[in-house]
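Only one structure is covered here, and it is reproduced in the block below.
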Amino acid sequence: MRAFAPGRVTVVGEHVDYAGGVVVCMAVHLGVTVDAQPCSAPRQLPSPLPGATLQALRERGLDVPQLDLDIAATLPYAAGLSSSAALCGATAVAALRLLGARLDAADLAELMLHAERDIAGVPCGPLDQRAVVHAPRDGALVLDCRDGGREAVPWLPGYVLAACHTGDTHDVGGEGYRTRRGQAAAALHALGAASYRDLDLATLDHRAARLDPVLLRRARHIVSETGRALDCAAALRDGDAARVGRLMHDSHASLRDDYAVSTPALDAVVEAAEASDGCLGARLCGAGFGGTAVALVAESHADACLAAMRAALPGGGDAGEHTRGAWVLRPSPGLALLAPDVVA
Ligand code: GLA
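In numbering that gives the first Met the number 0, the protein residues as written are 0 to 343.
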């Protein structure tokens, strides 16, 4: 049985999902396809995620046999476009199809998160799995990670996201991501708050003198980024492309200066995009420390914008061509729409 799951792109709202924040994201046409066949001796896979997903299905009482999994991806690995959640999602849907079983969409997203975070031990938040499952067909998805809320909002007619992979892979299991999660928790504790959603920038300013300066910057990113994501959702409802672009620009500045997860290559690609005609704003996408930059650009200018982004890469966009890649991204449906036979 075969299944495809998409990756996702974040519009605004990075590094807030594990801090109860708000994210605006969408699924993309790039993704992972898994072909699952029952067998007695499955091939060894380079990733623990498919096995973790099958284990999560078994934990729910499903009688999943030994499966041989054939994996093909149009989504680059560790590029900030959610290849991991796509791999878990495609594995789960292929297995459900073989079993003739169904899962509720929210349950599927939780199962994928359980597989990646609790079984495979990757310290990720819930963003990627929810985006991959719940993304609407033609719009963006607003996720409230405090209460699990979801809302589909329209996309901007005539605009696309130009995405350029720097060729540097990031690693959500790596030191940088774990450290940021630890700092986010430590800052909240030092501020004596139960949730970042109870804090605003004025309160942070007021307490600045008593907080470690690094923790203050981390907290400022989390609080300001959720504010930008809420603004971005409103701007999408209003069809205000210029405002979405400004918020993407500000999001990148905050990720670079306050959260310190950008790289010189990401900064260069973002600057080149923003200097090109028709681009309204650009930012790094995903966890950072490498990966992909995305730019909001008029569809008619997307190819020129991508060319400018590639030209800004160290080596002028020629070196590492096979790992880099550049794509025009539009909203695409998530698994609840792609696999109605098994996702309720
Ligand atoms: C990775 C994680 C997500 C999220 C983003 C940053 O994609 O898997 O949970 O934290 O980074 O926004």
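Backbone N, C-alpha and C define an ideal beta-carbon position, used for all residues, glycine too.
Bear in mind that the values here come from a model prediction, so they are computed numbers and not experimental data.
One thing to note: Leu295 has its Cβ within 8 Å of the Cβ of Ala240.
Taking 8 Å as the upper bound for CB-CB distance, Val63 and Leu56 are in contact here, some 5 Å apart.
With contacts defined by Cβ atoms closer than 8 Å, Ala85 and Val31 form a contacting pair.
Here Asp16 is buried. Its C-beta has 16 or more other C-beta atoms within 10 Å. Between Ser250 and Arg216, the C-beta gap is not smaller than 8 Å, which leaves the two residues out of contact. Ranking Gly289, Leu305 and Pro332 by CA distance to the CA of Gly166 puts Gly289 first. Pairing Ala272 with Ala108, the inter-Cα distance amounts to about 33 Å.
Shown here, Ala72 sits in a strand according to DSSP, grouped into three states.
Here the alpha carbon of Ala311 sits roughly 13 Å from the alpha carbon of Ala325. Exclusion of the five residues before and after Arg59 leaves no residue of its chain whose Cβ lies closer than 6 Å to its Cβ.
Straight-line measurement puts the Cα of Tyr258 at about 24 Å from the Cα of Gly6. For Ser223, the shortest C-beta to heavy atom distance toward the ligand GLA is 7 Å or greater.
Restricting attention to Leu142, Asp137 and Asp170, the CA atom closest to the CA of Pro156 is found in Asp137. Annotation note: the stretch 216-296 contains the following uninterrupted alpha helix (DSSP H) runs of length 4 or greater, listed N- to C-terminal: 240-256 and 263-273.
Here the C-alpha atom of Ile70 lies approximately 30 Å from the C-alpha atom of Val11. In this structure, DSSP gives Thr202 a helical state, which the three-state scheme calls helix. For the ligand GLA, no non-hydrogen atom lies closer than 7 Å to the CB of Asp170. Under the DSSP assignment, Glu298 falls outside any beta strand (DSSP E); it carries neither an H nor an E label.
A Cβ-Cβ separation of about 6 Å places Ala218 in contact with Leu203 under the 8 Å criterion.
For Tyr258, the Cβ stays outside the 7 Å cut-off from all heavy atoms of the ligand GLA. In this structure, Leu142 has its CB at a distance of at least 7 Å from all heavy atoms of the ligand GLA. Sequence-distant partners of Pro332 (beyond 5 residues in either direction) whose C-beta falls short of 8 Å from its own C-beta, in its chain, are Pro5, Ala26, Ala134, Pro135 and Arg136. With 5 Å as the limit, the residues whose C-beta approaches a heavy atom of the ligand GLA more closely than that are Glu13, His14, Asp16, Cys123, Gly124, Leu126, Asp127, Val171, Gly285 and Ala286, in chain order. Around the beta carbon of Asp127, a 10 Å sphere encloses 16 or more other beta carbons of the protein chains shown; the residue is thus reported as buried. A distance below 6 Å between beta-carbons, with the five flanking residues on each side excluded, links Ala192 to the following residues of its chain, in chain order: Leu198. Contact between the stretch 140-156 and the stretch 84-99 is absent: fewer than 3 CB-CB pairs across the two stretches fall below 8 Å. Taken through DSSP and simplified to helix, strand or coil, Val132 comes out as helix. Non-local C-beta neighbours of Cys278 in its own chain, meaning closer than 6 Å and more than five positions away in sequence, comprise Ala272, Ala294, Val296 and Cys304, ordered along the chain. If one requires a minimum length of 4 residues, the alpha helix (DSSP H) runs lying completely within the stretch 119-205 are 126-133 and 174-189, in chain order.
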